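Novice: Sharing a structure, written as structure tokens. Questions coming.
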Amino acid sequence: MAAKEKTVKKIFYGRNSANIINGIMIMLFVVGLIMLVDNSFDEIKPIATITNPEFSAIALGLGVPILSFVVVILSRFDRRCTEDYTFQLMANAALVAVTTLLFFNIITTLDFLRDLTGLRELYGDDLVGITMLSWATAYFIFQRRGLQ
Amino acid sequence: MKNRLKVLRAERDWSQAELAGRLDVSRQAVNAIETGKYDPSLPLAFKIARLFGQAIEEIFDDQYSEQAGGHANG
Chain A
41 MAAKEKTVKK IFYGRNSANI INGIMIMLFV VGLIMLVDNS FDEIKPIATI
91 TNPEFSAIAL GLGVPILSFV VVILSRFDRR CTEDYTFQLM ANAALVAVTT
141 LLFFNIITTL DFLRDLTGLR ELYGDDLVGI TMLSWATAYF IFQRRGLQ
Chain B
37 MKNRLKVLRA ERDWSQAELA GRLDVSRQAV NAIETGKYDP SLPLAFKIAR
87 LFGQAIEEIF DDQYSEQAGG HANG
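Quick note, the sequences are listed as chains A and B, same order.
Here my numbering is used: the first residue of the first sequence is 41, the next is one more, and so on.
Here my numbering is used: the first residue of the second sequence is 37, the next is one more, and so on.
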């Protein structure tokens, strides 16, 4: 086992492992909340002009699957180095975060739902903020209620 | 899923932290298993079974095994 993996294992398997993850999740909660609140009071940002739509389409179409593959490979390290229970908590919470993000995206994309809820359009920072806030919230809910 | 982890631990007079150390998991994981908030993965279940020298089904018991037992007896 590589020395780096051993060091990471010490952190995540140690007596304080849950406290470390809890600390990280509290931080994500606070930062996500601040990002969302702060963006809500910002002036409306102009929509960026796409200078090269073909390149953008190709970059996104290829970039997303490639990056997903890289993340899958990297997640093996996560799985090996994080304790089973902690990993399950984080993985389940991440699934909730993605679903919440999709819901918010649908609400703010569809005009009638946006009018109905009074929500504004979402920007890049909002998406990150929603994901962080939702991930941390779901993590603590799962921790409290269990993974059943 | 019901389990006898707390009983087995108490029989050996181990604390949750001590058991966690033997299983190489966090104390929170042991607590979550004991309170039924979390079902361990198969590798961890095997580890627990080996540690206590019992079969997995002697430690963990779900509704399906009860049903299966009921059908077999009935």
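Using N, Cα and C, we set each Cβ at its ideal position, and we do this for glycine too.
All values reported here derive from a predicted model rather than from experimental measurement.
#1: Are the region 48-62 of chain B and the region 154-165 of chain A touching by the rule of at least three beta carbon pairs closer than 8 angstroms?
#2: Can you list, in chain order, the residues of its chain whose CB lies under 6 angstroms from that of A176(A), leaving out five sequence neighbours each side?
#3: Exposed or buried, which one is F56(B) when buried takes at least 16 other CB atoms within 10 Å?
#4: For I106(A) and I95(B), what's the separation of their Cα atoms in angstroms?
#5: Counting beta carbon pairs with one atom in the region 137-146 of chain A and one in the region 106-123 of chain A, are three or more of them shorter than 8 angstroms?
#6: Quick check on K42(B): does DSSP put it in helix, strand or coil?
#7: Measure the beta-carbon distance from G169(A) to G72(A) and round it to whole angstroms, keeping in mind my assumption that it falls under 8 angstroms.
#8: Considering only the alpha carbon of each residue, which of K83(B), I92(B), A91(B) and D60(B) lies closest to T8(A)?
#9: With DSSP run on the structure shown, which of helix, strand or coil describes D98(B)?
#10: Which ranges would you report for the alpha helix (DSSP H) in the region 67-137 of chain A if only whole runs of at least 4 residues count?
#11: What residues in its chain sit with their C-beta under 6 angstroms from that of D75(B), if we drop five residues either side in the sequence?
#12: Tell me whether the beta-carbon of L76(A) lies closer than 8 angstroms to the beta-carbon of L167(A).
#13: From T71(B) to R185(A), what does the alpha carbon distance come to, in whole angstroms?
#14: How long is the line joining the alpha carbons of I61(A) and L100(A), rounded to whole angstroms?
#15: Taking just the CA atoms, how far does T91(A) sit from Y179(A)?
#16: Under 8 angstroms between C-beta atoms, does L176(A) make it to chain B?
#17: Applying a beta-carbon distance threshold of less than 9 angstroms, which residues of chain B neighbour A58(A)?
#18: Between the alpha carbons of F81(A) and I74(A), how many angstroms are there, rounded?
#19: Which residues, taken in chain order from the region 103-126 of chain A, show a beta carbon closer than 9 angstroms to some beta carbon of chain B?
#20: Just checking: is the beta-carbon of G186(A) within a distance shorter than 8 angstroms of some beta-carbon in chain B?
Specialist: Once the coordinates are examined:
#1: These segments do not touch.
#2: Counting from 1 along the first sequence, the entry for residue 176(A) is found at position 136. Excluding sequence neighbours, A176(A) sits near M65, L68 and F69.
#3: Start at 1 with the first residue of the second sequence, and residue 56(B) comes out as number 20. Residue identity differs from the one stated: residue 56(B) is Ala in this sequence, not Phe. When all chains shown are included, A56(B) counts as buried.
#4: The residue given as residue 106(A) occupies position 66 in the first sequence. The residue given as residue 95(B) occupies position 59 in the second sequence. Rounded to whole angstroms, I106(A) and I95(B) show a C-alpha spacing of 43 angstroms.
#5: At 8 angstroms Cβ cutoff, the stretches do not touch.
#6: The count along the second sequence starts at 1 and reaches residue 42(B) at position 6. If DSSP states are grouped into helix, strand and coil, K42(B) belongs with the helices.
#7: Taking the first sequence and counting its residues from 1, the one referred to as residue 169(A) is at position 129. Taking the first sequence and counting its residues from 1, the one referred to as residue 72(A) is at position 32. In this structure G169(A) touches G72(A) by the C-beta definition: roughly 5 angstroms separates them, less than 8 angstroms.
#8: With chain A represented from 41 up to 188, any question about residue 8(A) goes unanswered, as that position is not in the structure.
#9: The residue you call residue 98(B) lines up with position 62 of the second sequence. Under the three-state reduction of DSSP, D98(B) is assigned to coil, being neither helix nor strand.
#10: The DSSP assignment places 93-121 as complete runs of the alpha helix (DSSP H) inside the region 67-137 of chain A, in order along the chain (cut-off: 4 residues).
#11: Indexing the second sequence from 1 puts residue 75(B) at position 39. The residues M37, in chain order, have a CB closer than 6 angstroms to that of D75(B) in the same chain once the five nearest residues on each side in sequence are set aside.
#12: If you number the first sequence from 1, residue 76(A) lands on position 36. If you number the first sequence from 1, residue 167(A) lands on position 127. For L76(A) and L167(A), no; Cβs fall outside 8 angstroms.
#13: In the second sequence, residue 71(B) corresponds to position 35, counting from 1. In the first sequence, residue 185(A) corresponds to position 145, counting from 1. Rounded to whole angstroms, the gap between the alpha carbons of T71(B) and R185(A) is 10 angstroms.
#14: Against the first sequence, residue 61(A) aligns to sequence position 21. Against the first sequence, residue 100(A) aligns to sequence position 60. Approximately 32 angstroms between the Cα atoms of the pair.
#15: Within the first sequence, residue 179(A) is the residue found at index 139, counting from 1. Within the first sequence, residue 91(A) is the residue found at index 51, counting from 1. Spanning the two alpha carbons is a distance of roughly 40 angstroms.
#16: Taking the first sequence and counting its residues from 1, one reaches residue 176(A) at position 136. According to the sequence displayed, residue 176(A) carries Ala and not Leu. Not closer than 8 angstroms to any Cβ of chain B, the Cβ of A176(A) fails to qualify, so no.
#17: As a working note, residue 58(A) is residue 18 in the first sequence. In chain order: S62, R63, Q64 and A65.
#18: Here residue 81(A) is taken as the residue at index 41 of the first sequence, counted from 1. Here residue 74(A) is taken as the residue at index 34 of the first sequence, counted from 1. Rounded to whole angstroms, F81(A) to I74(A) spans 11 angstroms at the Cα level.
#19: Per Cβ criterion, the list reads E123, D124, Y125 and T126.
#20: Counted from its first residue, the first sequence places residue 186(A) at position 146. G186(A) has a beta carbon lying within less than 8 angstroms of a beta carbon in chain B.
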